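Chemist: This is the structure I want to talk about, given as structure tokens.
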Amino acid sequence: MALTVSSLASSLSSLSFSSQVSSKPTALSFPRSTPLSVSLRHRPSSLSITATAAELETADLKKYVKSRLPGGFAAQTIIGTGRRKSAIARVVLQEGTGKVIINNRDAK
3 MALTVSSLAS SLSSLSFSSQ VSSKPTALSF PRSTPLSVSL RHRPSSLSIT ATAAELETAD
63 LKKYVKSRLP GGFAAQTIIG TGRRKSAIAR VVLQEGTGKV IINNRDAK
């Protein structure tokens, strides 16, 4: 449904606008409804929130890792590359001592 400029211009030229604009703003009036009564005696009910912490099941996590990575982390290396602006960081996850090495340097 494409409109050409000429058809749009002819449609707009057929409209007539009043050249006289009133300087006084028009006042609007709305019928008054019944006033709302606000009761200060109403007391909001207290809220009670209960939550339970789910136990971290390491057995399920170990099963998941074994299913996704046959042999665990020792058999597989996980490599990730992070980029921000012109900097690039290469991270390799391996099972080991817990040291963190980024771009072949110790991360502190």
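Anchor point for the sequence shown: position 103 equals 105 in my numbering, and the numbering is continuous, going up by one each time. In this text, a Cβ means the ideal position worked out from N, Cα and C, and glycines have one as well. Remember, predicted model here, so these are calculated numbers, not experimental data.
Look up residue 95 in the DSSP assignment and give the residues it is bridged to.
Modeler: 80
Chemist: So, helix, strand or coil for residue 61, using DSSP?
Modeler: helix
Chemist: Rounding to the nearest angstrom, what Cα-Cα distance links residue 1 and residue 79 in this structure?
Modeler: In the structure displayed, the chain extends from 3 to 110; residue 1 sits before or after that span and is not available.
Chemist: Please name the residue, chosen from 81, 104, 97, that lies closest to residue 89 on a Cα-to-Cα basis.
Modeler: 104
Chemist: Determine the contact status of residue 82 and residue 93, defining contact as a CB-CB distance below 7 Å.
Modeler: yes
Chemist: If you draw a straight line from the C-alpha of residue 70 to the C-alpha of residue 100, how long is it?
Modeler: 21 Å
Chemist: Check whether the Cβ atoms of residue 98 and residue 91 sit closer than 7 Å, and answer yes or no.
Modeler: no
Chemist: May I have the straight-line CA-CA distance separating residue 102 from residue 63, to the nearest angstrom?
Modeler: 22 Å
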